[in-house]
Amino acid sequence: DTAVSQTPKYLVTQMGNDKSIKCEQNLGHDTMYWYKQDSKKFLKIMFSYNNKELIINETVPNRFSPKSPDKAHLNLHINSLELGDSAVYFCASSLLPGEQYFGPGTRLTVT
Amino acid sequence: QQQVKQSPQSLIVQKGGISIINCAYENTAFDYFPWYQQFPGKGPALLIAIRPDVSEKKEGRFTISFNKSAKQFSLHIMDSQPGDSATYFCAADKTQKLVFGQGTRLTINP
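Chains A and B are the protein sequences, given in the same order.
With the working numbering applied, the first sequence corresponds to residues 542 to 652, in that order.
With the working numbering applied, the second sequence corresponds to residues 3 to 112, in that order.
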C-alpha cells in the first residue's frame, strides 16, 4: 500500500543510452512532480503536472521528457544520458500546496 | 540564485539537547514554509509546516518559529533523540512550486 512508488530503485547505464523511470501514486492527488537530488543533497524541482497537464518546466535539458498517461502516473524519460545526469531522482505528489509526498527515489548512475 | 538559504550545513547535538536549524528566504510571495526530514536511502518526508500569518507552530518536540519581517524561519527540535539523526530541509512554496534549502545533516550523539 505504498503511497508513491518508483521503479527502478537503482539504474546503472552507460553514456548515450536512453532510460525511463516510472512513478505511481495511489493517494488520489492531482499534482505530481519530478525532483533531482545531486551529490550534495540539493533538491531541485524539474517538472510538475496537474491532472496530466504540464504546469512547471524548470530549466532542464530537453533530453528529459516527462509523460503523464493519467493523473496517478508520471514517468520520466531521459535521452542520450550524460555523466552529469547521475543523481537521485524523486517523484512526489500533492493535494495541497507545499505538502508533498515523496517516493523512495531512483539512484541513476551514468558510467 | 539561492532563494532559500539554510544553515548550518551540519549539526551535532547531544541526546536530550535542542537542535536548531535556520532558514532565510528572499521572495515575499512565498506563502507556505514546510520542513522535510530525510533518512539515508529514503525520500524526504513532510515534518511540520507553517504559514506566514503565524509566528510559531508546535507539534510534539518540533517547533517552527517564523519571523516575517526578517524573512527568516527556524526549526527547533526539543529533547533531541538519536532517531532524529537525518538530513533536514526547509522549503518555501509559491503556487505549488517548492524551493528547498541546501539541507542540514543532523547527528544526535547518544
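C-beta atoms are modelled at their ideal positions from N, C-alpha and C, and glycine is treated no differently.
Chain A within 8 angstroms of phenylalanine 64 (chain B), Cβ atoms only: Chain A contact via Cβ: absent.
For a cutoff of 8 angstroms on Cβ pairs, would you count threonine 30 (chain B) as touching chain E? The structure shown contains no chain E; its protein chains are A and B.
Please check the pair glycine 644 (chain A) and serine 561 (chain A), which I expect to be a contact at CB under 8 angstroms, by giving their CB distance rounded to whole angstroms. So it is not a contact: roughly 15 angstroms between Cβ atoms.
Identify which residue in B:Asp55, B:Gln40, B:Cys25 and B:Leu48 has its Cα closest to the Cα of glutamate 61 (chain B). B:Leu48
Where does leucine 568 (chain A) sit, in a helix, a strand or coil, going by DSSP? coil
For chain A, find out if any of its Cβ atoms is closer than 8 angstroms to the Cβ of phenylalanine 102 (chain B); answer yes or no. yes
Given 8 angstroms as the limit, is there contact between the segment 632 to 639 of chain A and the segment 571 to 578 of chain A, that is, 3 or more CB pairs closer than that? Yes: at least three Cβ pairs fall under 8 angstroms.
So which residues on chain A does threonine 109 (chain B) lean against when the C-beta distance must stay under 9 angstroms? Listed along the chain, the chain A residues whose CB falls inside 9 angstroms of the CB of threonine 109 (chain B) amount to none; the nearest CB is some 14 angstroms away.
Apart from the five residues just before and just after lysine 7 (chain B), which ones in its own chain have a Cβ nearer than 6 angstroms to its Cβ? Ala26
Does the segment 36 to 46 of chain B come within contact of the segment 88 to 106 of chain B, defined as at least 3 CB pairs closer than 8 angstroms? The segment 36 to 46 of chain B is in contact with the segment 88 to 106 of chain B.
Examine chain B for any beta-carbon lying closer than 8 angstroms to the beta-carbon of leucine 649 (chain A), and answer yes or no. Not one chain B Cβ lies under 8 angstroms of leucine 649 (chain A).
With distance defined between alpha-carbon atoms, name the residue in A:Arg648, A:Ser621 and A:Ala613 nearest to glutamine 566 (chain A). Nearest of A:Arg648, A:Ser621 and A:Ala613 to glutamine 566 (chain A), Cα basis: A:Ala613.
Glycine 52 (chain B) versus isoleucine 66 (chain B) - alpha carbon distance: Before going on, a small fix: residue 52 (chain B) reads as isoleucine here, not glycine. Approximately 7 angstroms between the Cα atoms of the pair.
Selection from B:Glu28, B:Gln16 and B:Leu13 that minimises the alpha carbon distance to lysine 70 (chain B): Closest in alpha carbon position to lysine 70 (chain B), among B:Glu28, B:Gln16 and B:Leu13, is B:Glu28.
Exposed or buried, proline 46 (chain B), counting other C-beta atoms within 10 Å across all chains shown (16 or more means buried)? buried
Residues of the segment 616 to 643 of chain A whose Cβ lies closer than 8 angstroms to any Cβ of chain B, in chain order: Phe631, Ala633, Ser635, Pro638, Gly639, Glu640, Gln641, Tyr642 and Phe643
Which of the residues in the segment 563 to 590 of chain A, read from start to end, lie with their CB under 7 angstroms from any CB of chain B? Cβ contacts with chain B come from Thr572, Lys582, Phe583, Leu584, Ile586 and Ser589.
What does the alpha-carbon distance come out to for the pair asparagine 591 (chain A) and lysine 17 (chain B)? Roughly 43 angstroms separates the two Cα atoms.
Looking only at C-alpha atoms, which of A:Lys581, A:Gln641 and A:Thr543 sits nearest to isoleucine 50 (chain B)? Of the listed residues, the one whose Cα sits closest to isoleucine 50 (chain B) is A:Gln641.
Taking only beta-carbon positions, decide if proline 645 (chain A) is within less than 8 angstroms of chain B. yes
According to DSSP, residues forming a beta bridge with lysine 577 (chain A): A:Lys585 and A:Tyr630
How about isoleucine 619 (chain A) and aspartate 579 (chain A): are their beta carbons less than 8 angstroms apart? For the pair isoleucine 619 (chain A) and aspartate 579 (chain A), the CB atoms are not nearer than the 8 angstroms cut-off.
When you check each C-beta in the segment 82 to 93 of chain B against every C-beta of chain A, which residues fall closer than 9 angstroms? Hits within the stretch, in order: Thr89, Phe91 and Ala93.
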